[in-house]
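Peer 1: Under numbering that gives the first Met the number 0, the first residue of the sequence shown carries the number 0, and numbering increases by one thereafter.
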Amino acid sequence: MSSPKKTMQAIQNVLEPYIRPRDEVAHIRRILALHLDSCVNDGSTTGPLALVESSSTKPSSVARGLQREYLEALNANIKARNEHKACLKNSSRLEREVSTSGEPQSNRLEEHLAIVSLQKKQERLQAVEKHLDSLKQKPAASPDFLDPGEIFRNSKPLPDVPGELVSALALDKTASSNHLKDLIDQLEKHVLRTKLLLKREEQLLEQVRSRSSARPGSISPSAKLEALNTTRAELINWIETELGKASDDHAGNDGEEGGHGQGSAETTRIDEQLVAIKEKYTRYLGARKGLFHLVSQQPRPVIEPQTEDRTPRTIIPTSAPVSSTHLLSPYLENLLSIAHEQKGLIMQKSHLNVVIAKQVKDNCQALDRLAEESQLIPSHPVPGGAPRHKQTFGHAVSSSASELSASSSSRVKPWVFAAESAKILTFEAVAEKIEEGQIALESSMRTIGEIEQLFGRRGPVKQSREEEEDAIIDDIWMQESGNLSSRGTKHATKRKTDKRRLSGDVWDMVDGNLGLLRSEGDPP
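Structure (structure tokens):
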């Protein structure tokens with residue numbers, strides 16, 4: 000890189016043609032001033048030529064050369080400046096007009112948008128109000144629309160459970176959850192078959208009604224009684240068959256569950272209940288037969304002995320025996336209604352048992368799944384707990400409420416025991432940690448006390464309980480003997496001296512005998 004001197008020299012050589020001394024510059028300025036004075040009209044200048052006004056637009060006829068060119072250029076400059084000012088004025092005026100005309104247009108646009116939004120909101124509100132009015136006019140808006148009594152007032156009672164469906168459900172109790180679709184298909188088939196049978200029966204009933212010439216008012220009470228007896232017998236036979244099927248199903252379920260490990264006590268109990276039911280039913284059949292026998296008997300006239308009567312005999316027409324069927328008809332109707340109620344109660348009870356069993360099954364499955372996934376129960380098992388057998392759906396349906404509650408409680412007991420065990424272990428661990436902390440705190444306090452004692456920052460230490468007891472015992476012996484032995488005196492004196500040394504600071508170890516120290520060479 001070149002030095003600064005060489006750089007300055009190069010700059011001076013470049014600027015040397017344009018640099019003049021002061022005298023020469025003053026001379027050049029005077030020559031230029033004289034030249035300009037000669038170019039002016041009157042030979043004198045009152046001000047610089049650059050500060051001219053816009054009024055002097057015409058050049059003089061006397062001007063020649065550079066002055067004339069300058070004046071023409073000045074006129075052109077003045078003209079251009081005037082045009083520029085005119086353009087600026089026009090542009091500012093247009094901007095003001097646009098600003099003044101744009102404000103009302105923007106206001107009108109905003110007002111139009113607000114009006115459109117309000118119209119849309121009004122249309123929505125009107126549509127909502129219209130639909131609400133239409134809903135209020137419908138019957139669903141009345142408070143009695145969802146009343147169960149009003150809903151089921153004219154409805155028919157539930158149809159009887161067909162035997163085929165009951166047998167199909169009994170056979171499918173042990174099926175796995177993978178056959179649910181097959182069960183649903185079978186159920187739909189049964190429902191369709193039942194509907195077809197119902198339609199066929201209704202058609203047959205209509206045909207029989209159209210063919211029969213009898214009217215309800217013309218039927219005799221005896222015919223009504225026979226019809227009621229037949230209906231009652233059919234109903235009783237149906238109930239007997241259903242109870243027999245249910246008992247057979249229970250017996251089959253008990254046999255299967257016995258194979259899974261149930262005891263013989265439950266089977267014995269069920270057999271006893273079945274025997275009791277059979278005895279009651281046998282007594283009921285005997286009473287029913289006796290009642291029918293009494294009803295079927297007709298009253299016979301009692302033959303009185305002939306007595307001699309001189310009065311002329313008058314033949315009295317014997318009336319036909321009065322039948323007592325009309326007397327028993329209201330009782331039979333009551334029995335039929337009671338049988339219908341019992342049938343409904345049995346169906347409702349079975350439905351409730353199925354629902355409860357299903358809910359208990361779901362709860363048991365959830366508890367089993369949580370027990371398998373839990374880490375608390377394996378770490379705290381129940382002592383002497385027997386392994387549980389998984390129950391099937393049939394067993395859950397056939398089991399009683401006490402058995403269901405017992406199975407649920409048996410699944411909950413391990414959780415309770417594990418929680419209690421974990422709580423006790425946690426308390427023990429916390430107590431151990433607290434005890435360790437107390438021991439560490441005592442040791443640290445003891446260490447701090449020793450350090451303070453070494454540095455002499457603590458006052459005289461109190462006597463411990465053992466030292467106080469030793470002092471009390473010594474006082475007692477002094478009172479009894481009056482005079483301690485020399486060994487005991489030396490021991491007590493040494494112990495007191497040690498206490499005094501421990502109770503003081505570091506300088507107390509000298510024990511005030513600093514001046515009595517003697518060298519080994521000194522005579523005693």
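Don't be surprised by glycine CBs; every beta carbon is placed ideally from N, CA and C.
#1: Is it the case that the Cβ atoms of Ala-417 and Ile-376 are separated by a distance below 8 Å?
#2: Let's test the definition: count the other Cβ atoms within 10 Å of the Cβ of Ala-356 and tell me whether it reaches 16, buried, or not, exposed.
#3: For Lys-4, name the three-state secondary structure that DSSP assigns.
#4: For Lys-188, report the span of its alpha helix (DSSP H) as first-last.
#5: Ser-219 by DSSP, collapsed to three states: which one?
#6: Between which two residues does the alpha helix (DSSP H) holding His-34 run?
#7: For the alpha helix (DSSP H) containing Ile-376, list its first residue and its last residue.
#8: Would you please state the rounded distance, in angstroms, between the beta carbons of Ser-406 and Cys-363? I believe it to be under 8 Å.
#9: Looking only at its own chain, which residues have a Cβ that is under 6 Å from the Cβ of Lys-78, when we skip the five neighbours before and after it?
#10: Would you check if the segment 199-209 and the segment 234-243 touch, i.e. whether three or more CB-CB distances between them fall below 8 Å?
#11: Quick check: the Cα distance between Lys-88 and Arg-80, rounded to an integer number of angstroms?
#12: At the 8 Å Cβ level, is Glu-441 part of the contact set with chain B, yes or no?
#13: Which value, in whole angstroms, describes the spacing of the CA atoms of Lys-4 and Ile-27?
#14: Does DSSP classify Phe-151 as helix, strand or coil?
#15: For Ile-345, which three-state DSSP category applies?
#16: Measuring only the C-alpha atoms, how far is Glu-94 from Glu-82?
#17: Quick one: measure Cβ to Cβ for Leu-293 and Leu-227, integer angstroms, because I've assumed they're closer than 8 Å.
#18: Using 10 angstroms around the beta-carbon of His-388, count the other beta-carbons present and answer buried if the total reaches 16, otherwise exposed.
#19: When DSSP labels each residue in this structure, what does Ile-18 get in the three-state scheme?
#20: Would you kindly work out how many angstroms separate the C-alpha atoms of Asn-12 and Val-24, rounded to a whole number?
#21: Is the beta carbon of Lys-360 less than 8 Å from the beta carbon of Val-381?
#22: On the criterion of 16 or more Cβ atoms from any shown chain inside 10 Å, does Leu-224 qualify as buried, or is it exposed?
Peer 2: The answer reads as follows:
#1: Stepping through the sequence shown from its first residue, residue 417 is reached at position 418. Stepping through the sequence shown from its first residue, residue 376 is reached at position 377. Yes; because the gap between Cβ atoms is below 8 Å, this pair is in contact.
#2: Indexing the sequence shown from 1 puts residue 356 at position 357. Per the 10 Å Cβ criterion, buried.
#3: Residue 4 sits at position 5 when you count from the first residue of the sequence shown. Note: Lys-4 maps to helix in three-state DSSP.
#4: As a position in the sequence shown, residue 188 is number 189, starting the count at 1. Taken as a continuous stretch (DSSP letters only), the alpha helix (DSSP H) holding Lys-188 covers 179-210.
#5: Against the sequence shown, residue 219 aligns to sequence position 220. Residue state, collapsed to three classes: coil.
#6: If you number the sequence shown from 1, residue 34 lands on position 35. Taken as a continuous stretch (DSSP letters only), the alpha helix (DSSP H) holding His-34 covers 21-38.
#7: Locating residue 376 in the sequence shown gives position 377, counting from the first residue. Its alpha helix (DSSP H) spans residues 375-378.
#8: Counting from 1 along the sequence shown, the entry for residue 406 is found at position 407. Counting from 1 along the sequence shown, the entry for residue 363 is found at position 364. Confirmed, about 6 Å.
#9: Locating residue 78 in the sequence shown gives position 79, where the first residue counts as 1. So no residue of the chain qualifies.
#10: no
#11: Along the sequence shown, one-based indexing puts residue 88 at 89. Along the sequence shown, one-based indexing puts residue 80 at 81. Each residue's alpha carbon lies about 12 Å from the other.
#12: Looking for chain B here will not work: only one protein chain is present.
#13: Mapped onto the sequence shown, residue 4 falls at position 5. Mapped onto the sequence shown, residue 27 falls at position 28. Each residue's alpha carbon lies about 32 Å from the other.
#14: For the purposes of this step, residue 151 is taken as residue 152 along the sequence shown, with counting starting at 1. Note: Phe-151 maps to coil in three-state DSSP.
#15: Taking the sequence shown and counting its residues from 1, one reaches residue 345 at position 346. Note: Ile-345 maps to helix in three-state DSSP.
#16: Residue mapping note: residue 94 aligns to position 95 of the sequence shown, counting from 1. Residue mapping note: residue 82 aligns to position 83 of the sequence shown, counting from 1. Each residue's Cα considered, the two are about 18 Å apart.
#17: Here residue 293 corresponds to residue number 294 of the sequence shown, with the count starting at 1. Here residue 227 corresponds to residue number 228 of the sequence shown, with the count starting at 1. With a Cβ gap of about 17 Å, Leu-293 and Leu-227 do not count as contacting.
#18: Translated into the one-based positions of the sequence shown, residue 388 becomes position 389. The predicted model places His-388 with a pLDDT of 46, which falls under 50 and marks its position as unreliable; any figure quoted below should be read in that light. Counting Cβ neighbours within 10 Å, His-388 comes out exposed, since fewer than 16 surround it.
#19: Position 19 of the sequence shown holds residue 18. Looking at Ile-18 - three-state DSSP - the assignment turns out to be coil, as it is neither helix nor strand.
#20: Translated into positions along the sequence shown, residue 12 becomes position 13. Translated into positions along the sequence shown, residue 24 becomes position 25. Their Cα atoms are separated by approximately 19 Å.
#21: The residue given as residue 360 occupies position 361 in the sequence shown. The residue given as residue 381 occupies position 382 in the sequence shown. It is not a contact, given that the beta carbons lie outside the stated cut-off.
#22: As a working note, residue 224 is residue 225 in the sequence shown. Buried, since its Cβ has 16 or more Cβ neighbours within 10 Å.
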